[in-house]
Each structure stands twice: as C-alpha cells, then as structure tokens.
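Read the structure below first, then the notes.
In our numbering, the protein residues as written are 86 to 616.
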C-alpha cells in the first residue's frame, strides 16, 4: 500500500514538471514570435522606405549612377552616356596603318538596354523581406554595378571597313598568261589578304566589354589569307588550240572601231573550270567614255545609228570559236534580222540587258581566249588542254527552213515625179533556220543533232514614191494611194495618172474639109437628024 502511495506521488510530481516545462516553452515561443514580429516589422519598414518605382541608392549601370531614378530617368541617363561614348575614337589598325573612326560610325549601342533598366529598378524589391534587406544593406558598403553589354552594328561596321581599312591589306594578284610571238608567257601569282568582317566585329565588341576604359582605343582588324583565283600551275596546262573562227569586217568604218575596241576587252581572258564568261559584261559599258563610237545597228527592224554599233560581230565570232571548242553555251540569242558575216543560226547578238552571249568552261582545266583584228578579219581562238580524240572532227551546218519577203513601207517623195519608185533602205528577208552539229570520228559521221534554232524578222523595205506634179489633183490622188500602203493601188494610181497626163498632152487633130455636092448634069441635045 505504501508502494502505491509513493508511485502516485511520483506521477503527480512528473506531471507538474511537464506542465511547468510546457509553460516555459510556450512563453519562449511567444517571446520568439514577439521578437520575430518586431524584427520583421522593422525590416519591412526599412525595405519599403524606397519608392517602388525608384532605383535604390548605390546602383550603377556601367559608369552611370542611377540612384533614386525611375525607369525613364535612368533610360535618359544611360542614353546620354551612350552618346558621349559614341564620340570616342577607335583606331582600326592593319598592316602598320590605322584608320580613326568614332564608335558612332560603327553603330555603337547597348544590348538589351531596357532589360538592364528593369533590373536596376527591381534591385532590392524582389524576394522575401530578409533577402531584400540584405541587398539594400549591402549597398551601404559597396555599390551595385550592373554591367552593360556594348556592341557595334554589322552593316555600319562593314561599310567603314570597306571604305577606310580594306585598302590597307595587300591584294591578291592572279597569275597571268599572254601570247608573244606565238608562245605563252606566264607570271606567278601573289597571295593577298582579305578582311574577316565577322571576326573583326567580335574583336571590337570584346575590347569594348573587357578592356575599354570609356575613352579612345585601338583594335587590330582580323584578316585572312586570300588565294588568287588563277595560279601559275593551273595555267601551265594551256597549250593546245581548242577552236578558232574568223569573220570579215572590212576596214575604215566606224563599226570597225567598235569591233577592235570590243575584241581588245575580251582578248587575254582566262576562264577557270566551272566559271561562266559573259561577252556583254566583258565589253560594257557601251559608252563613248569606254572607247565606242556611233555606228549602224539593228533596231525595230531597221538599221539605225547607235553607240557601239557592230559589237555583235565580236560576240558572234567568239560564239563560233566557243562551239568549235565544244564549250558549254549558257546564253545565246540570234539577231532580230540576218547578218551578212555568218550564215543563219551561227550568230550571237548582244543588246541591252536582255541579249548576251555567255558560255561556261566545262573542262577540268582553264582556258585562254585570244582575240584580234587583222587585215579586215575578226579572229578568236580558244586555247586549253585538248582531251578530245585526235580523229574527232566537228562541223556546224546551217539550214534555212523557211523565208519571208521583206515588208514594204511606201512613203511620199515630193521631190520626185509621179511614177518614180526607189528602195531607200531595208532588204532583209525574214527567216527560220537551224544549226546542225555533225560529229565525225575516223572520217565517219557518228552523230548529227540540232544545235540551235533561230528566227529572224524581215526588214521593212522603205519605198519612196514620187508625188510631184504640176496638177495638184494628180498629187492628191497619188498621196491618197500611198496612204493605203497597198502596192497594187499605188501602181494603179500611177498608171491612171500617166494615162491622164498622156491624154492631156496629145495634139488636137485639125478639122477635116466637108465634101462639096456635085452640080446637076447639063441636058443632052439630040442630033439634028434625029429630031
């Protein structure tokens, strides 16, 4: 029994201890809440003293102090500083030379500027009250600098580099080939350098964001080795005549001046494997300043005077040398009317930007184009490395499919008498033709195919018809007939007028004398013996 009483007392004492401990813990917790609440209230007050739209004191964007500013004010301050930076000069150097340019010329600006301003405004305003207070507290000891990313614009920088720096770099020089006294003379190529615009822009941006102090600076432009398009070892394969052709042009005419000038601009051209050559581009511009004069040329079915008239004979002669070499023709158009220096379908016209002769070097080795004018002949020869069979021969055969007579245009000629008709210009027939390519091997024909088709317009033949007459009515009759442009009516009018004129000029016959009546016969007297 005593043992039970003791256990009961012990339990009561333990319960009292537990209740006491619980009270103490509760009191401590209440105190903690009170202290925490007080601290939180103080911190909350501290972090919210700064206006929500204002930047905290001690915040910088680059070198610009934006403390206490709102977003718009900070934007203006940063933009103003960017304008100052834009006036700073940067020396772009290459090959020991330099070009001074302003950052403004390079299109200097700040990348993602709005996001940077937003970050400045939000500093100390995001997260819980403790982290915000820590950020703000830290500003009292050390400023917060948000680093802007400076950059330059590609388009403006490319323009500056091209205009002011590119000339500093040594240019690549192609190997050359010329013919002298029937032999080829070669010169070696020279390597050059070319700007690497993208890497130069990267170098400038890296300098601005890493080493730049906000003032004048210097950056070495980045360049790469530029190999020449044509190298001497490539040209050493040019030894054989692949094709040659000539046309007669005469001498002493203004068109011959143009032909000689055009040939000179093509002579010596080297066309590398896979490259396309444009005869028009090689000879342009067709202007007096480029050595051309006025001469006859086809225009709208008529022969007119035009700058560089006759230049098509150059492209035509080259065309035939090219097809003899069996190079790939990529662009060829016939003349509007037939020409007299080659057969139909063997011509190649050049006109404006809509007619050009172009060919592609479809060989694995380069070719050399030689052209000259001698003794009234235009000559083009293509040289390269011959790969065709020795017994292979080609022939191009012109075939006329159909013809069309020239159209006539009748014009009045007041200075000539009625009945006079003369052709003053235009006698070209219209024509449809095709060119056959015939291949022989070992003297035997192995293929025959249509190489091209051409259509030529007839010229307008101008016929002058006389209308002069002393009789205004006849002149008017003749003019009306000409207006019909009907040759049969014109000839009929001429015949009618001629007949009228002939009739008017015929002499009037003299009046014939009228026959007189016979007098009455005298009465006969009978002989006296018979009465």
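Note that the Cβ used here is the ideal one computed from N, Cα and C, for glycine as well.
8 Å Cβ shell around residue 224 - same chain, five flanking residues per side excluded: 141, 142, 143, 144, 209
Identify every residue that forms a DSSP beta bridge with residue 357. Bridge partners of residue 357: none, in fact.
On a Cα-Cα basis, can you pick out the residue from 160, 273, 348 that is closest to residue 402? 348
Using a threshold of 7 Å, state whether the C-beta atoms of residue 351 and residue 396 are closer than that. no
Give me the residue from 503, 521, 207, 592 with the minimum Cα distance to residue 561. 503
According to DSSP, is residue 299 helix, strand or coil? coil
Terminal residues of the continuous beta strand (DSSP E) containing residue 142? Run containing residue 142: none; DSSP gives neither H nor E here.
Three or more C-beta pairs closer than 8 Å, one from the segment 242-254 and one from the segment 292-304: is that the case here? no
Taking DSSP's pairing of strands, which residues face residue 465 in a bridge? 330, 456
Going by DSSP, what residue range makes up the alpha helix (DSSP H) through residue 408? 397-409
Continuous alpha helix (DSSP H) stretch holding residue 345: start and end: 339-351
If contact is defined by three or more beta carbon pairs under 8 Å, each pair taking one atom from either stretch, is the segment 159-168 in contact with the segment 196-204? yes
Starting from residue 312, trace the beta strand (DSSP E) both ways and give me its first and last residue. Careful: residue 312 lies outside any beta strand (DSSP E) and carries neither H nor E.
Three-state secondary structure assigned by DSSP to residue 61: Limits of the chain in this structure are 86 at one end and 616 at the other, which puts residue 61 out of reach.
Excluding sequence positions up to five away, which residues of its chain have a Cβ less than 7 Å from the Cβ of residue 578? 562, 563, 566
Rounded to whole angstroms, what's the CA-CA distance from residue 359 to residue 466? Just pull it up for me. 19 Å
For residue 483, name the three-state secondary structure that DSSP assigns. strand
Residue 211: buried (16+ other C-beta within 10 angstroms of its C-beta) or exposed? exposed
What distance in whole Å lies between the Cβ atoms of residue 398 and residue 329, which are believed to be in contact at a cut-off of 8 Å? That belief does not hold up - the Cβ atoms of residue 329 and residue 398 are roughly 16 Å apart, past 8 Å.
First and last residue of the alpha helix (DSSP H) that includes residue 201? 198-207
Three-state secondary structure (DSSP) at residue 546? strand
Alpha carbons only, please: which of 418, 256, 286 is nearest the one belonging to residue 617? Coverage of the chain is limited to positions 86 through 616, which leaves residue 617 absent and any answer about it impossible.
Please report how far the alpha carbon of residue 411 lies from the alpha carbon of residue 302, in whole angstroms. 59 Å
CA-CA distance, residue 287 and residue 449? 39 Å
If the criterion is Cβ atoms closer than 7 Å, does the pair residue 516 and residue 415 meet it? no
Cα-Cα, which of 170, 290, 463 is closest to residue 342? 463
Determine the direct distance from the alpha carbon of residue 284 to that of residue 539, and round the result to whole angstroms. 52 Å
Is DSSP giving residue 501 helix, strand or coil here? strand
Under the DSSP definition of a beta bridge, which residues are partnered with residue 416? 443
Whether residue 491 touches residue 512 by CB criterion (7 Å): yes
Tell me the DSSP secondary structure of residue 193 in three-state form. coil
Nearest candidate by alpha-carbon position, reference residue 454, set 258, 552, 406: 406
Name the one or two DSSP bridge partners that residue 325 has. 469
Classify residue 275: buried if its beta carbon has 16 or more other beta carbons within 10 angstroms, exposed otherwise. exposed
Beta-carbon spacing of residue 523, residue 480 below 7 Å: yes
What's the gap between the Cα of residue 175 and the Cα of residue 207? 35 Å
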